[in-house]
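Chains X and Y, in that order, are what the protein sequence lines are.
Take -12 as the starting number for the first sequence in the numbering used here and just add one per residue.
Take -12 as the starting number for the second sequence in the numbering used here and just add one per residue.
Note that CB positions come from ideal geometry on N, CA and C, so glycine has one too.
Protein chains: 2
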Amino acid sequence: MTNGAQSLMKTLVDAGIEVCFSNPGTSEMHFVSALDDEPKMRAVLGLFEGVVTGAADGYARMADKPAVTLLHLGCGLGNGLANLHNARKGKVPVVNIVGDHATYHVKYDAQLQSDIETVARNVSPGFCRTATSTETLGQDVAEAIAAARAKPGQVTTLILPADVSWGEGGVAVEPLSPPTPEAADEATLEAIATAVSSGQKTAILLGGHALREPTILAAAKIAAHKGVTLLAETFPTRMERGAGLPYIERIAYLAELAMVQLSDIKNLILVDAKAPVSFFAYPDKKSYLVPDSCQVHTLAAPDQDALASLNKLVTAVGADRAQPKLQPKKQPVSPVGKLTAEKVCKAVGHLLPDNAILIDEGITSTLMLAAMTAGAPRHDLLTLTGGAIGQGLPNAVGAAIACPERPVYALIGDGTAMYTIQALWTMAREQLNVTSIIFNNAAYSVLNIELDRVGAKDSGDKAKSQLDLTGPPINFAEIAHSMGVHGVRVQTAEDMVKALEYAQSQPGPHLIEAIIPESLNKTKRKILPWLLRSMPSLPLSVSKALKKKLAP
Amino acid sequence: MTNGAQSLMKTLVDAGIEVCFSNPGTSEMHFVSALDDEPKMRAVLGLFEGVVTGAADGYARMADKPAVTLLHLGCGLGNGLANLHNARKGKVPVVNIVGDHATYHVKYDAQLQSDIETVARNVSPGFCRTATSTETLGQDVAEAIAAARAKPGQVTTLILPADVSWGEGGVAVEPLSPPTPEAADEATLEAIATAVSSGQKTAILLGGHALREPTILAAAKIAAHKGVTLLAETFPTRMERGAGLPYIERIAYLAELAMVQLSDIKNLILVDAKAPVSFFAYPDKKSYLVPDSCQVHTLAAPDQDALASLNKLVTAVGADRAQPKLQPKKQPVSPVGKLTAEKVCKAVGHLLPDNAILIDEGITSTLMLAAMTAGAPRHDLLTLTGGAIGQGLPNAVGAAIACPERPVYALIGDGTAMYTIQALWTMAREQLNVTSIIFNNAAYSVLNIELDRVGAKDSGDKAKSQLDLTGPPINFAEIAHSMGVHGVRVQTAEDMVKALEYAQSQPGPHLIEAIIPESLNKTKRKILPWLLRSMPSLPLSVSKALKKKLAP
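Pasting the structure below:
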């Protein structure tokens, strides 16, 4: 006989799902027991559900297929919600199995009883289902997998009552085929080809799955042939970049900068991306960042075939034989002296090995990372797609499990790191090749900036205390050691370089805690000087225009 | 002019709300700025929202009034959901302020945009509202506070769009009066008085707010006069106990034990409690634990006045002059030898000072805590009301802020502690008098037990690996130190006692990591021997009956 959990496990494995990130409880014990029936399923324990869901996100970004998560009722799902939000915003496929009480137990309103579906709808609006019988469970999970994998990718949630899991009569179901995405139609192509050839300033904005090599190369042919600008969305799910690939400028996080980048563009062509909007709203500032004088064209929506659409456009504008401009290899020299956030990025750019995975959740501290690694050996960049901090360390866990041969570097802010610090334990347990770099500036720096940006009045001591992490200072190297990860604290650029070299020489996880000064002058907390300082990360033309606009 | 945030702050303070537990983001900056306008509002930062909400829960349990939480959009609420679930299940008043994007920004679907209300409904089914204008915000918050405080207490959520917060024209609103709860009516009283006087075996089950001194004393008068048994719910929100108060046996967590406790009771009288049900469902085991032959009577539902109802019953059964039996002072001797979970509980019982607050989230490790502290100096006990682990350390933060003069002891399992370990940082920042005792047995012990209880087949290595925390072992003393908390690791009973004495001699937070053996024999993982070992925690009559039933 096959119980529900066993049929579920077989359906997952038959669909090619190989990894289960889990934090189980009593209601999931039959699923846990079924793990040993399937040698093809790897189980990875996280000590907190935010680690589990963030790992599933990072895994799917790099493996291009979903992992399954195993979560314990509504509370387990709640603990994992923020990183599922990031996956949802990044259009990353994740299949959640959320254990629930036995169907007949629900009416007793026991301690852990809650309305799981209402929570699940926040991150799985497209597929959220409660399994109702052991016999149909296999079909439910096959549909959940297919829905997760269908372009553009989504988070699906299947709620699994304990009696459906332990009941006998489970039937494994063969994988369902997702629908084939379509390319842009002729009318759209013609309109966009006309815009590209118009002589007006035009930009192609790439996002989603369109930031991989083939799509980037196609877009770069058009850029080489027609002089259009290539842009990438602000927070890519996964972006291939570095020496040998075309350089693409990302839209800046700060609306003030993004509006400068977009200011004289007359045609903006979207490829698996949306028109840029401000991350937050600010009093008396625009939310929609595209200038009124710019026309927006959608070449490929996220559920369409971006590569086929771009290839058609290449032909339509006669760029088939164009040679895309490729980024030459160029790494910064080794930094020296007192450590700063910029020098940490420089050290990473200086030493980044070939084929690395770079995870950027440094918030204010990694402003210079893009510039410092633009000419580094080819790598993948994963970023904070949904703005819910605590993604980077778990993402690193998942990426390292998807790509065991590739070194992973996770650059993380201190405030951010504390959200899902338990990820370090899983790195140690699984001996993952992850180097976590924590920028310890003892502050929520971005909020110091935002306090000024939202126009809140000059803040007093209580307000400031909500943004400072100085009392007590956190020792991240010690935290790493407490969970079995090699940890070191550095305060000079030379030591930073040495620590990176050491991490590269030894397999398994490492943590480097970089002690750096706070980004903002605490007495002023003004955005303008910070903006001006940040401009070296932008192309010269943009920073020139910006200086003119912002100079007092 | 008064902006929305300022009117909100004044409405909170006018209603007597004095503490804001916060983890703010950009959309909450005007609220943060308004903190400095209200000297009566204390702001306490948590580095993760699970700390914030768990602290608000612990605070309200001890202060008997709500704190306010400040959370950042749907993801911040998600991160805090599990401890709000615990508060909801414990009927604890909490007022959540969840910042949201400006109303006009929602349509742009920016990174952090999500359906906050769908998440909020999970924990705030009774009051979940999105503020729509600055002018009516004060009224919204006054209603949220009143709803939270109305008996029996609930979690309320007010979603605050950024433009409603920063808009001008805010109006503070005077506190609204919650409705007065009613006592049991005459017909109910008469029926219950008849049952109490029937000579049949009868028990009074106290829960919710009925586990405070006045209610316990009233129930104990009836017990002394009529020979009824006093029982407490399994996981009390707050229970006053110790020397000088009547001893009340708690319903056991394990259904197998609870059914023995309830087996020959013919009348079960509920006072702010529900009829016992199993924590989880198990194949071929009953969910509802009250025997078929037992009649259940509700003297006071959670929204009624439990004390007035009990006092009426005292009079109706003629027990006004009865002398309740009080627990004499009796503390265990100092434990010696190799450390075990039981000896940790013994050391706590041996040294518990007067007027302590005891937080029990030790799961399998604190099975003996009730017995070891029954005759200790009077104290309050807070437990895991909703089953969502990660409550204890944040609860300790809140309890210590509510009662700065009282020592707080938080007994926490290792797996549990890792969920909200960031609470240690807030303990250090606020220099709270909390001694955290972590039982490090390197396992999710309760799941080892549950794997057997749910009838999952003999588990293999992968299943077992999901329940073990051995690789790598976690060093909790080191984690404590990394966040500025004095930490020590102990392996003998003598060192445990010394560490407790040291913690009592020095103000501020301490963490004692108790290295103990795993509860279960790992090769057997059988429930029976564990059950038999656990019986000393039960009254002799119960353990005798149990031995007879369970002996092979």
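Strand pairing of residue i, partner residues [DSSP]
i	result
Cys115(Y)	Thr144(Y)
Glu155(Y)	Asn(-10)(Y)
Ala129(Y)	According to DSSP, Ala129(Y) bridges with nothing at all.
Phe8(X)	Val31(X), Thr56(X)
Ile346(X)	Leu369(X), Ala397(X)
Glu500(Y)	Ile425(Y), Arg476(Y)
Closest residue to residue i among the options (Cα-Cα distance)
i	options	result
Met246(X)	Lys261(X), Val85(X), Tyr275(X)	Tyr275(X)
Ala386(Y)	Gly45(Y), Ala118(Y), Lys261(Y)	Gly45(Y)
Ile376(X)	Leu434(X), Val0(X), Ile203(X)	Leu434(X)
Leu345(Y)	Pro319(Y), Gly374(Y), Val384(Y), Gln310(Y)	Val384(Y)
Lys78(Y)	Arg476(Y), Ala443(Y), Ala197(Y)	Ala197(Y)
Leu542(Y)	Glu15(Y), Ala21(Y), Gly65(Y), Leu192(Y)	Residue 542(Y) cannot be examined here, being either before or after the span of chain Y that is shown, -12 to 539.
Ala21(Y)	Gly474(Y), Thr(-2)(Y), Thr40(Y)	Thr(-2)(Y)
Thr403(Y)	Ser184(Y), Ser432(Y), His59(Y)	Ser432(Y)
Asp102(X)	Glu5(X), Lys138(X), Gly65(X)	Gly65(X)
Asn342(Y)	Leu297(Y), Pro162(Y), Arg393(Y), Thr413(Y)	Arg393(Y)
Leu121(X)	Ala490(X), Arg476(X), Thr327(X), Val160(X)	According to the sequence provided, residue 121(X) is Thr. The question's Leu does not apply to it. Minimum Cα distance to Thr121(X) is reached at Val160(X).
Leu145(X)	Pro319(X), Tyr269(X), His59(X)	His59(X)
Gln493(X)	Ile436(X), Ile503(X), Lys316(X), Asn420(X)	Asn420(X)
Pro364(X)	Leu232(X), Ser14(X), Asp150(X)	Leu232(X)
Glu500(X)	Asp455(X), Thr224(X), Asn427(X)	Asn427(X)
Gln318(X)	Ile256(X), Ala358(X), Arg225(X), Gln453(X)	Ala358(X)
His473(X)	Gly195(X), Trp412(X), Leu454(X)	Trp412(X)
Pro201(X)	Ile179(X), Glu227(X), Thr181(X)	Glu227(X)
Val441(Y)	Thr123(X), Ala268(X), Val6(X), Trp153(X)	Trp153(X)
Ala262(Y)	Ser280(X), Ile252(X), Gln98(X), Gln291(X)	Gln98(X)
Ala180(X)	Val304(X), Asp482(X), Val128(X)	Val304(X)
Ala89(Y)	Ala137(X), Ser265(X), Met(-4)(X), Val151(X)	Ser265(X)
Thr13(Y)	Tyr234(X), Pro270(X), Val38(X)	Pro270(X)
Ala135(Y)	Thr123(Y), Glu437(Y), Pro80(Y), Asn10(Y)	Pro80(Y)
Ala206(X)	Pro223(X), Val183(X), Thr221(X), Arg225(X)	Val183(X)
Ser9(Y)	Pro460(Y), Ser250(Y), Thr56(Y)	Thr56(Y)
Thr415(X)	Pro460(X), His497(X), Gly349(X)	The sequence shown places Ala at residue 415(X), rather than the Thr named in the question. Per the Cα distances, His497(X).
Contact test: residue i Cβ vs the ligand PLP heavy atom, cutoff 7 Å
i	result
Thr175(Y)	This structure simply doesn't include the ligand PLP, nor any ligand for that matter.
Item checked: Any beta strand (DSSP E) of 3 or more consecutive residues that is wholly inside the segment 200 to 263 of chain X -> The qualifying runs are 216 to 219, 226 to 228, 254 to 258.
Next item on the list: May I ask you to verify whether the segment 161 to 173 of chain X touches the segment 44 to 53 of chain X, counting CB pairs closer than 8 Å and requiring at least 3?
Entry: Judged by Cβ distances under 8 Å, the segment 161 to 173 of chain X makes no contact with the segment 44 to 53 of chain X, as fewer than three pairs qualify.
Margin query: If contact is defined by three or more beta carbon pairs under 8 Å, each pair taking one atom from either stretch, is the segment 172 to 187 of chain X in contact with the segment 108 to 125 of chain X?
Written below: The segment 108 to 125 of chain X, when compared against the segment 172 to 187 of chain X, does not touch it at the 8 Å Cβ threshold.
Item checked: In chain order, each alpha helix (DSSP H) run of at least 4 residues that lies wholly inside the segment 35 to 90 of chain Y -> The segment 35 to 90 of chain Y is shown to contain whole alpha helix (DSSP H) runs of 4 or more residues at 36 to 50, 60 to 66, 68 to 76, in chain order.
Note to self: Going residue by residue through the segment 382 to 451 of chain Y, where are the continuous beta strand (DSSP E) segments of at least 3 residues, counting only ones entirely within it?
What the structure shows: Listed in chain order, they are 395 to 400, 421 to 427.
Next item on the list: Pull out every residue of the segment 470 to 495 of chain X whose Cβ sits closer than 9 Å to any Cβ of chain Y, in chain order.
Entry: Against chain Y - using a Cβ distance shorter than 9 Å - the residues of the segment 470 to 495 of chain X are Met470, Gly471, Val472.
Margin query: Please list, in chain order, the residues of the segment 49 to 67 of chain X that have any C-beta partner in chain Y closer than 7 Å.
Written below: For the segment 49 to 67 of chain X, which is checked against every Cβ of chain Y, the residues closer than 7 Å are Gly61, Cys62, Gly65, Asn66.
Note to self: Give me the subset of the segment 125 to 153 of chain Y whose CB atoms are less than 8 Å from a CB atom of chain X, sorted by chain position.
What the structure shows: For the segment 125 to 153 of chain Y, the beta-carbon criterion of a distance under 8 Å to any beta-carbon of chain X is satisfied by Ala149, Asp150, Trp153.
Item checked: Segments of 4+ residues assigned as alpha helix (DSSP H) that fall wholly inside the segment 252 to 334 of chain Y -> Scanning the segment 252 to 334 of chain Y from its first residue to its last, the whole alpha helix (DSSP H) runs of 4-plus residues come out as 293 to 303.
Checklist line | Every unbroken alpha helix (DSSP H) inside the segment 166 to 191 of chain X [4 residues or more] | finding: Those alpha helix (DSSP H) runs which fall completely within the segment 166 to 191 of chain X and span 4+ residues are 173 to 183.
Margin query: Which residues of the segment 21 to 42 of chain Y have a Cβ closer than 7 Å to any Cβ of chain X? Give them in chain order.
Written below: Sequence-ordered contacts of the segment 21 to 42 of chain Y with chain X read Leu22, Asp23, Ala30, Leu32, Leu34, Phe35 [C-beta pairs closer than 7 Å].
Check: What are the uninterrupted segments assigned as alpha helix (DSSP H) that are 4 or more residues long and contained completely in the segment 451 to 478 of chain Y, given in chain order?
Finding: Secondary structure remark: continuous alpha helix (DSSP H) runs of at least 4 residues inside the segment 451 to 478 of chain Y, in chain order: 463 to 469.
Item checked: Interfacial residues, the segment 389 to 414 of chain X to chain Y, with Cβ spacing under 9 Å -> Contact annotation: in the segment 389 to 414 of chain X, residues whose CB is within less than 9 Å of a CB in chain Y are Gly402, Met405, Tyr406, Thr407, Ile408, Gln409, Trp412.
Check: Touch check for the segment 210 to 227 of chain Y and the segment 182 to 189 of chain Y: three-plus C-beta pairs under 8 Å?
Finding: Enough Cβ pairs lie closer than 8 Å, so yes.
Checklist line | Given 8 Å, three or more beta-carbon pairs between the segment 347 to 363 of chain Y and the segment 82 to 93 of chain X | finding: Between the segment 347 to 363 of chain Y and the segment 82 to 93 of chain X there are fewer than three C-beta pairs closer than 8 Å, too few to call the two in contact.
Next item on the list: Return the chain-ordered ranges of every beta strand (DSSP E) run that is complete within the segment 349 to 382 of chain Y and spans a minimum of 3 residues.
Entry: DSSP runs (the beta strand (DSSP E)) wholly in the segment 349 to 382 of chain Y: 366 to 370.
Notebook entry, point to check: Pairing CB atoms from the segment 467 to 482 of chain X with CB atoms from the segment 307 to 317 of chain X, are three or more of them under 8 Å?
Noted result: No, they do not touch.
Next item on the list: Output, in sequence order along the chain, the residues in the segment 442 to 454 of chain Y whose CB is closer than 8 Å to any CB in chain X.
Entry: So the list reads Gly442, Ala443, Lys444, Ser446, Gly447, Asp448, Lys449, Ala450, Ser452, Gln453, Leu454, given in the order they occur along the chain.
Check: Does the pairing of the segment 448 to 455 of chain X with the segment 29 to 37 of chain Y give three or more beta-carbon distances under 8 Å?
Finding: Short answer: they touch.
Next item on the list: Compile a chain-ordered list of the residues in the segment 94 to 120 of chain Y whose CB is closer than 7 Å to at least one CB of chain X.
Entry: Residues Tyr95, Ala97, Gln98, Leu99, Ser101, Asp102, Thr105, Val106, Arg108, Asn109.
Margin query: Under 7 Å, CB to CB, which of the residues in the segment 228 to 240 of chain Y have a partner in chain X?
Written below: From the segment 228 to 240 of chain Y, no residue has a Cβ closer than 7 Å to chain X.
Note to self: Which residues of the segment 261 to 288 of chain X have a Cβ closer than 8 Å to any Cβ of chain Y? Give them in chain order.
What the structure shows: So the close ones are Lys261, Val264, Ser265, Phe266, Phe267, Ala268, Pro270, Ser274, Tyr275.
Note to self: To be precise: take each residue of the segment -10 to 19 of chain Y, compare its Cβ to all Cβ atoms of chain X, and keep it if any distance is under 8 Å. Which residues remain?
What the structure shows: Within the segment -10 to 19 of chain Y, the residues whose Cβ lies closer than 8 Å to some Cβ of chain X are Ser9, Pro11, Gly12, Thr13, Ser14, Met16, His17, Val19, listed in chain order.
Check: Just by C-beta distance, which residues in the segment 359 to 392 of chain X are closer than 9 Å to chain Y?
Finding: Listed by position along the chain: Leu371, Thr372, Gly373, Gly374, Ala375, Ile376, Gly377.
Margin query: Taking beta-carbon pairs under 9 Å, can you tell me which members of the segment 189 to 217 of chain X lie near chain Y?
Written below: Against chain Y - using a Cβ distance shorter than 9 Å - the segment 189 to 217 of chain X contributes no residues.
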